[in-house]
Every structure is written in C-alpha cells, then in structure tokens.
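First comes the structure, then the notes that go with it.
Protein chains: 2
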Amino acid sequence: MGVHGELQYPLSERAQHLLKVLVERYIREGEPVGSRTLARESGLDISAATVRNVMADLEEMGLVRSPHTSAGRVPTVRGYRFFIDSLLKVEPLAPGQVRRLQAEIEEAAAGSDPHELAERASGILSEVTRMAGVVTVPRTEFRSLRQVEFLPLSGNRALAILVVDEREVQNRVIETGRPYGAEELQRISNYLNEHFAGLTLEEIRNRLVQDMEETRAHMSRLMEEAIEMGRRALAAPPESEEDCVVSGETQLMGFRELSDVDKLRQLFEAFEHKRELLGLLDRCVRADGVRIFIGEESGYEPLGECSVVSAPYRVDGRVVGVLGVIGPTRMAYDRVIPIVDVTARLLGAALNPRA
Amino acid sequence: MGVHGELQYPLSERAQHLLKVLVERYIREGEPVGSRTLARESGLDISAATVRNVMADLEEMGLVRSPHTSAGRVPTVRGYRFFIDSLLKVEPLAPGQVRRLQAEIEEAAAGSDPHELAERASGILSEVTRMAGVVTVPRTEFRSLRQVEFLPLSGNRALAILVVDEREVQNRVIETGRPYGAEELQRISNYLNEHFAGLTLEEIRNRLVQDMEETRAHMSRLMEEAIEMGRRALAAPPESEEDCVVSGETQLMGFRELSDVDKLRQLFEAFEHKRELLGLLDRCVRADGVRIFIGEESGYEPLGECSVVSAPYRVDGRVVGVLGVIGPTRMAYDRVIPIVDVTARLLGAALNPRA
DNA sequence: TGTTAGCACTCCGATCTTCCGAGTGCTAAT
DNA sequence: ATTAGCACTCGGAAGATCGGAGTGCTAACA
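These protein sequence lines map, in sequence, to chains P and A.
Position in the first sequence (from 1) plus 36 gives the number in our numbering.
Position in the second sequence (from 1) plus 36 gives the number in our numbering.
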C-alpha cells in the first residue's frame, strides 16, 4: 500500500489530521462536513477560518470537494485512498469476534460442497458487515483425488464421479467416443485409482499428458483408454458465472447514497453479470492481504458509488479463491478491513485438508 | 377457477365489458382510467356520463376504486380476480415461441443437476416474461435409484453417493456408528445395488423399513448393516431454503409501482427468505393448471403489490415441483399465463426419464 | 327507466416564490 | 500564520398559485 496515495506536495501534519477527522466524520454521519464542525471535532485549538484555509488546500489537491458552494466538504476518491493508505489504523478484530466468525465458518465448512460453502461464507460476510458479501468458489486444482468412478450412460456418454479430498464430490458427463460397459469402466477406474489417487488434480492432469506422449508405444489398450478417459474427466471445467457468489445485496438498499432506483438497478444488474466481478476480484489475487477498490478505481461503472474490500484466501499457501465485501464508498473501513482479512484466513483454514 | 370471482349481484354484459376494457387499458398504460377515455376505448356508443354511472356500480361492488377524488379508476384485487377468472381469454402460445422455449429448456436440462436446472428454468422464465422467475427444485422421491456407492471417511462417517436416473448424483455424509473399511462398504453397496437398483427412492425407503421389521430374525449381519446404511443414505433430506430458486429480481426494479426503495427492499428481503415463498408455492400443487395469486391474496405482506402466476410441473403424472413468475399486479396476464403453463409442461417433459 | 349534457367541485401535481440557515471566500486586523 | 468579520451563494423546505383531469349530481330527454 502507499503507492497509490502519493501526492505532489507533502501534507502538513495538521492537514492530514484534519483530513482524517473529516473522513471519519463523513463516514459516520454521511453529510458534508463544514469548517466549524471540523474545527470543533478536530481537537485542535484552531478556528473555523483556519480550517477553511486548509480545506482550500485539500480541495486543490483533489482530496476533498464540496458538493456545492455552500455545503461542507466530502472526501473524493483520492481522499479516501490517502485516508486508507496513510491515515487509517486498523485495530485487529476482537478475539471474541474472531471466535464467533471461526465457529460460523467451521460450521459452514462441515460437510458442504465448495459452492455451498462459498454461499455460506458470503452470507456470513454480508451479515456481519451489513453489506453485500462476495466469495469465489475455491479452486480445486491443488487438492488431491481420492477416488474416481465411471458409470455408463446412454449413448456414447459416461458419468465420471470424482471424490476429492474426503469431502467433495464432482460429477461430470463425458463423451466417450463409443459405448462402454460397466465392467470395462470398472477396470478403467481401477487403473486410474491405482495410479493417481492421492495426487492433486493438477498433477494428475500433467501426468496424463506426459504418460500419453512418453509411453504411447508400449501402452496397453486398457492404459490408453484409461488415460483418455481420465483426461476427459479431469479437464478443467470452464470458468462459470457460478464460480462467484454474491449475497446480501439487499443490505445495500439501506444506504442513502444508493437510494436512487436507477443506480440501484444498475448495481444489481452488475451483480448478475458475475464475469466482470470475477475479473475485478482476480486482480487482487496477487496482493498479499486485503485489497481495496474505491469507487471508480474498480474501473467498473456500476460500482461507481461503491467500494470493494477483498482478500485472497489460501490453502497450503496457494491462493484458491477470493472473498470480499461490497458496500458504499462511505463505509467503515476500519471495521470491514479486519473482518475481511480474518474471514479470508479462517476460510482458508477451514478448507485445509484435515489431519 | 371461477369460484373466487362470485359476486353478490350479477354484472350486466356492458359492465363486464367496461371492466375488461378498463383492466386491459390499466395494465397497458399504468394510469388510472377516466370515464371519457373508457367511453371512447370501449367501442360502445356510450357517453362518459353513462360510464360514470357504471363505474359507481363497479366501485360499490369493490371491483374498482379511484386513488383519489379526481383520478380515473383502477382495478382492485377483486377486480383483477374477476377479470382473470371470467373476462380474460388466454390465447395459446404461438408455436414458434413454444419451440424456442422448448429448445432452451432442453438445453438447460441436458447434463445439469436438478438445482442447476431449476436455476436455468427460472432464468428462462424471467428473461421471457421480463419479470422475476421462481422454480422449486424437482423432488427426486419418485425417481429411480441407479446405483449407490459408499466411501469411508475419517471417523465414524461415510460418504454415500447415489446415482439417480442416469443424470443426477447426490452425495451425503452419513454417520455410521462405527468405522467401516472400503471392502466392507463395497459389499454393502453391492447388496443394496442388487436388491434395490431400479426402484424409486420412495419405494426403497418403504421397503427398507419393511424388510427391517419383517425379517429381523433371519437376517445376516451384512443385510442388517446394509439396510441400516441404506436407511441413512436415503433419509429424506431436510427441506432447504435452497429448494426454491428465484432469479431476475432485478427486472422488478423497472416497474413504476415498485419505485419506492423501501417497498422494493421488503420485496427483495422476501426473496431471500425462501421458506415463505415455498409455502406459497406449495399451495398451488393441488391445482391442476396455472394458479394465480393477486396482491394480498398471497397472504404475504411484502408481495402486496405483486402477483404470482404459478403452475406445478409433473414427471410421470406426479407433481415434482412448482414454477412461476412474480411481477407487479399490473402485469400482462394474457401473455404470462400461457408462458408459465407451457414452461411447466416443458420442464416436466424434459425431466422425464429418457428412453 | 336508462341515458345524456351541463356544471360546480375536488384534488393532484407542476411550477414558482419565498425564506432561512449553513457554509464559503475574501479582507483586514492581530 | 491565524483569526474575526462580512457579504455572498446555494440548496432545500414550506407555502402559494394554477391548470387540468375527472368526478358526482341534477335536470332534461328518449
């Protein structure tokens, strides 16, 4: 962080303090802050007129603006940015809160498939922040295959059942080129289970390609078919709109700044087109911790009045998904940031293969 | 139909016609209809004053009302009811439309699990009606078991995998009382598959209870365990909020009558608490065809300004689910009713076990 | 008896005005 | 550099006005 908030001119201690108080107050009250109020609130022994001078500077730097001549000031996107990067100090979440979250996440993780888990996690985020929660379904690439089964279907199709990691069952219909009988399929699954159970899906995928090329010469018919079948069954499923779960959108209807039905509609439509959201969230997988997009920073029009606070979550040190919270730009970042941060860790932990 | 719309006093032909024209016009334009307009629009050679007299009658009977002294009239719930039950004639859907729907439904049905199918169907309904679609996930009670497998999990738990009807795979974690090994479980599934594959889940459930009681005496250990395991694996899953899928809620934000953010919020919150919706939809499984709830008729406050047009869908003659459309009371019933009707049939057909 | 023209009346909503308070920018004094 | 003072701006709330659409009622008419 920090790189975003660089300013041409350094800001005096006092100006920074005033900006901080202004943003905090605006977040709390939702109304433009006037010089008088700010002078009083700041704790500094300073007159309104002085504050006005400072405000003029801040305005020139693009950190605040006034909605009209005779209103107070509100933070601009840059103002929020600077506030978050340099002024905000985030308290760690109270241990009690952490425990509560942990309990909820673990309960959600017990015996739900990944999609359901994402739903639950998103619901939890939404409930505790009173804004919208968003969670991507955890990637299963790096989790290990426990067992695979094939069942014949009508025509040249078969049903592949993958059991991953004790918990999750994926099933896919695959084209087989010709009809296979149950026993044949049984032999194929035996072969695959023998050779690949315990490896991660990704490893298996690589191995399959490799085996195919290396040993093509002295491969038995069975092996060949098994490998082909495995390839089809394990082919990475297409990125789906369903990989991104949003919930608690309704919460956003409570905010003044979103009381315009048209804006609201745009926003909600955005939630339906999850592909864009996915793109946005993807941008934060490289970041190590919490990443924040303020208003237009997301580069996504309908989120103009909103901020996204997001964090990747990991299993075994690998990023397998992203979660976050979407709310009005004017949100209590100091409260939301640690929540997102902790939830990401907890979700990762809950996903870790058990002992 | 019909029983709802009984009136104390019979309505003259002319009054009925005027009511019909009024409702149609109101649905089209969304604004109270005045006597002058109505006189012109009715096609009858009649003066505005006469219309006013008729209106007074209709108002007394509670079929129309005026929002305020000097506005035109709008239909009341009873007015809509009478309109739908007695005045509306529904054209069957154009063959082209039917084919389009059919194509979409069948595409959706191909290789999706029931939940996904419900989502897709709901999406289709929403898209074609430009209102919100709602679909309950089809019950699997009456579909036949194809195969069952058990895999050991850690602790006293096992994973049960049920393959139902060629297409769908359900999996559940069950408590087993003691740890079981893979071979043991294999024998148990073999036993169950041998005896029960091909029967419907419900039949199996009954048989299991029956077998348990009848043959307790001369039952082998294996049988006993297999039956107990089967019982657990097939136990009816609890009714879940997820059994009801709503989509396209956003569409509702376009309607004038729902432009109040608070109302809208209530409505959207209602969509999140699907249990109530389920209750409402359940009330229409006994009806044979399309059933309509107008505004307060649903008995569900947040739907006050909305109507629900719903129909059960069947597989093998049995109702396995309900689908419908939710929109403003002022909706084009003549268009929506056949769509819901046809979609229900098509969905049923698409769910029918293939040859 | 049912229909119609005429008329006085009501009420909504759009438009305009007024007015107050909050807040600003600027200037001059400290 | 800071402050008090002051003229000025602007938004928004609270009326005031006004036109139009539509009504109910009455009296005349077929």
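We treat Cβ as the ideally placed atom computed from N, Cα and C, and that holds for glycine.
(1) Please list, in chain order, all residues of the same chain as glutamate 341 of chain A whose beta carbon is under 7 Å from its beta carbon, the five residues on each side excluded.
(2) Can you tell me which residues form a DSSP beta bridge with phenylalanine 329 of chain A?
(3) Pull the bridge partners of threonine 236 of chain P from the DSSP assignment, please.
(4) Interface residues of chain A around phenylalanine 304 of chain P at Cβ under 8 Å?
(5) In this structure, does DSSP put proline 46 of chain A in helix, strand or coil?
(6) Name the chain A residues that come within less than 8 Å of glutamate 143 of chain P, Cβ to Cβ?
(7) Quick one: which chain P residues come within Cβ less than 8 Å of serine 301 of chain A?
(8) On a Cα-Cα basis, can you pick out the residue from A:Gln206, A:Leu359 and A:Ala269 that is closest to valine 282 of chain A?
(9) Between which two residues does the alpha helix (DSSP H) harbouring valine 162 of chain P extend?
(10) What are the residues of the region 223–239 of chain P that lie near chain A, defined by any Cβ-Cβ distance shorter than 8 Å?
(11) Could you check which residue in A:Glu220, A:Ser148 and A:Leu244 has the C-alpha nearest to that of histidine 231 of chain A?
(12) Arginine 136 of chain A to alanine 233 of chain A, Cα distance in whole Å?
(13) Please list, in chain order, the chain P residues whose beta carbon lies closer than 7 Å to that of serine 295 of chain A.
(14) Which residues, taken in chain order from the region 197–221 of chain P, show a beta carbon closer than 7 Å to some beta carbon of chain A?
(15) Is the region 263–273 of chain A in contact with the region 208–218 of chain A, if contact means three or more CB pairs nearer than 8 Å?
(16) Keeping to the same chain, check which residues put their C-beta closer than 6 Å to that of isoleucine 160 of chain P; ignore five residues upstream and five downstream.
(17) What residues in the region 171–190 of chain P bring their beta carbon closer than 7 Å to a beta carbon of chain A?
(18) Counting only the same chain and skipping the five closest in sequence on each side, list residues whose C-beta sits under 8 Å from that of alanine 168 of chain A.
(19) Put asparagine 373 of chain A into one of helix, strand or coil per three-state DSSP.
(20) Name the one or two DSSP bridge partners that alanine 168 of chain A has.
(21) State buried or exposed for phenylalanine 119 of chain P, treating a residue as buried only when at least 16 other CB atoms are found within 10 Å of its CB.
(22) Specify the secondary structure class of arginine 193 of chain A as computed by DSSP and reduced to three states.
(23) From which residue to which residue does the beta strand (DSSP E) around serine 295 of chain A run?
(24) Give me whichever residues DSSP pairs with valine 205 of chain A in a beta bridge.
(25) Using a 10 Å radius around the Cβ and a threshold of 16 neighbouring Cβ atoms, would you call serine 48 of chain A buried or exposed?
(26) Could you tell me whether the Cβ atoms of glycine 384 of chain A and valine 344 of chain A are closer together than 9 Å?
(27) Less than 9 Å between CB atoms is the rule here; does glutamate 96 of chain A satisfy it with respect to chain P?
(28) Among P:Glu238, P:Ser78 and P:Ser276, which has the Cα closest to the Cα of threonine 176 of chain P?
(29) With 9 Å as the threshold, decide whether the Cβ of leucine 195 of chain A is near any Cβ in chain P.
(30) Return the residue from the list A:Leu187, A:Val100 and A:Ser180 that minimises the CA-CA distance to threonine 236 of chain A.
(31) With a threshold of 7 Å on Cβ separation, who are the neighbours of leucine 94 of chain P within its own chain once the five nearest residues in sequence on each side are excluded?
(32) Measure from the C-beta of glycine 38 of chain A to each C-beta in chain P and report whether the shortest distance is under 9 Å.
(33) Measuring CB to CB, does tyrosine 216 of chain P end up less than 9 Å from alanine 194 of chain P?
(34) Do you know offhand how far arginine 109 of chain P's Cα is from aspartate 318 of chain P's?
(35) Does any residue of chain A bring its CB to less than 9 Å from the CB of glutamate 308 of chain P?
(36) Taking the beta strand (DSSP E) that serine 283 of chain P falls in, what are its first and last residues?
Walking through what the data contain:
(1) Stepping through the second sequence from its first residue, residue 341 of chain A is reached at position 305. Around glutamate 341 of chain A: Glu293, Leu294, Lys299, Gly331, Pro364 and Thr365.
(2) Residue mapping note: residue 329 of chain A aligns to position 293 of the second sequence, counting from 1. Per DSSP, A:Val344.
(3) The count along the first sequence starts at 1 and reaches residue 236 of chain P at position 200. P:Ser180.
(4) Translated into the one-based positions of the first sequence, residue 304 of chain P becomes position 268. Neighbours of phenylalanine 304 of chain P on chain A, chain order: Glu285, Thr286 and Met289.
(5) Mapped onto the second sequence, residue 46 of chain A falls at position 10. Note: proline 46 of chain A maps to coil in three-state DSSP.
(6) Within the first sequence, the letter at position 107 stands for residue 143 of chain P. Within 8 Å Cβ-Cβ: nothing; glutamate 143 of chain P doesn't reach chain A, min ~14 Å.
(7) Taking the first residue of the second sequence as position 1, residue 301 of chain A is located at position 265. Note that residue 301 of chain A is arginine in the sequence shown, not serine. Per Cβ cutoff of 8 Å: Thr286, Met289 and Gly290.
(8) Counting from one through the second sequence, the residue named residue 282 of chain A turns up at place 246. Ranking A:Gln206, A:Leu359 and A:Ala269 by Cα distance to valine 282 of chain A puts A:Leu359 first.
(9) Here residue 162 of chain P is taken as the residue at index 126 of the first sequence, counted from 1. The residue asked about is misnamed: residue 162 of chain P is serine in this sequence, not valine. Segment 150–165, the alpha helix (DSSP H) holding serine 162 of chain P.
(10) none
(11) Residue mapping note: residue 231 of chain A aligns to position 195 of the second sequence, counting from 1. It is A:Leu244 whose Cα lies nearest to the Cα of histidine 231 of chain A.
(12) Here residue 136 of chain A refers to the residue found at position 100 of the second sequence. Here residue 233 of chain A refers to the residue found at position 197 of the second sequence. For arginine 136 of chain A and alanine 233 of chain A, the distance between alpha carbons rounds to 36 Å.
(13) Taking the second sequence and counting its residues from 1, one reaches residue 295 of chain A at position 259. Chain P residues near serine 295 of chain A: Val297.
(14) Ile197, Val199, Glu202, Val205, Asn207 and Val209
(15) Judged by Cβ distances under 8 Å, the region 263–273 of chain A makes contact with the region 208–218 of chain A, as three or more pairs qualify.
(16) Here residue 160 of chain P corresponds to residue number 124 of the first sequence, with the count starting at 1. A distance below 6 Å between beta-carbons, with the five flanking residues on each side excluded, links isoleucine 160 of chain P to the following residues of its chain, in chain order: Glu140.
(17) Gln183, Glu185, Leu187, Leu189 and Ser190
(18) Taking the second sequence and counting its residues from 1, the one referred to as residue 168 of chain A is at position 132. Contacts found: Ser162, Val282, Ser283, Gly284, Glu285, Gln287, Leu288, Phe307, Val361, Ile362 and Gly363.
(19) Reading the second sequence from its first residue, position 337 is the one you call residue 373 of chain A. Asparagine is not the amino acid found at residue 373 of chain A; the sequence shown has isoleucine there. In the structure shown, isoleucine 373 of chain A sits in a helix (DSSP, three-state: H, G or I).
(20) As a first step, residue 168 of chain A is located in the second sequence; it is residue number 132 there, counting from the start. In the DSSP output, where bridge partners are listed per residue, alanine 168 of chain A has A:Ile362.
(21) What you label residue 119 of chain P is simply residue 83 of the first sequence in a count that begins at 1. Buried, because 16 or more other Cβ atoms sit within 10 Å of the Cβ of phenylalanine 119 of chain P.
(22) Position 157 of the second sequence holds residue 193 of chain A. Residue state, collapsed to three classes: strand.
(23) Numbered from 1 along the second sequence, position 259 holds the residue referred to as residue 295 of chain A. First-last for serine 295 of chain A: undefined, no H or E at that position.
(24) The count along the second sequence starts at 1 and reaches residue 205 of chain A at position 169. The partner list for valine 205 of chain A (beta bridge, DSSP) reads A:Val199.
(25) The residue you call residue 48 of chain A lines up with position 12 of the second sequence. Label assigned to serine 48 of chain A: exposed.
(26) Counting from one through the second sequence, the residue named residue 384 of chain A turns up at place 348. Counting from one through the second sequence, the residue named residue 344 of chain A turns up at place 308. Against a cut-off of 9 Å, the Cβ pair of valine 344 of chain A and glycine 384 of chain A comes out as no contact.
(27) Counted from its first residue, the second sequence places residue 96 of chain A at position 60. So, not an interface residue.
(28) The sequence position of residue 176 of chain P within the first sequence is 140, counting from 1. Nearest of P:Glu238, P:Ser78 and P:Ser276 to threonine 176 of chain P, Cα basis: P:Glu238.
(29) Taking the first residue of the second sequence as 1, we reach residue 195 of chain A at position 159. It does; some Cβ of chain P falls within 9 Å.
(30) Within the second sequence, the letter at position 200 stands for residue 236 of chain A. Residue A:Ser180 is the option with its Cα nearest to threonine 236 of chain A.
(31) Here residue 94 of chain P refers to the residue found at position 58 of the first sequence. Taken in chain order, the residues that qualify are Ala51, Leu55 and Val100.
(32) Position 2 of the second sequence, counted from the first residue, corresponds to residue 38 of chain A. Only weak support exists for where glycine 38 of chain A lies, its pLDDT of 41 falling under 50; the coordinates are left without a value.
(33) Here residue 216 of chain P corresponds to residue number 180 of the first sequence, with the count starting at 1. Here residue 194 of chain P corresponds to residue number 158 of the first sequence, with the count starting at 1. Going by C-beta atoms, tyrosine 216 of chain P is nearer than 9 Å to alanine 194 of chain P.
(34) Sequence index remark: in the first sequence, residue 109 of chain P carries index 73 (1-based). Sequence index remark: in the first sequence, residue 318 of chain P carries index 282 (1-based). Answer to the nearest angstrom: the Cα atoms are 34 Å apart.
(35) If you number the first sequence from 1, residue 308 of chain P lands on position 272. At least one chain A Cβ lies under 9 Å of glutamate 308 of chain P.
(36) Mapped onto the first sequence, residue 283 of chain P falls at position 247. Here the beta strand (DSSP E) through serine 283 of chain P covers 280–283.
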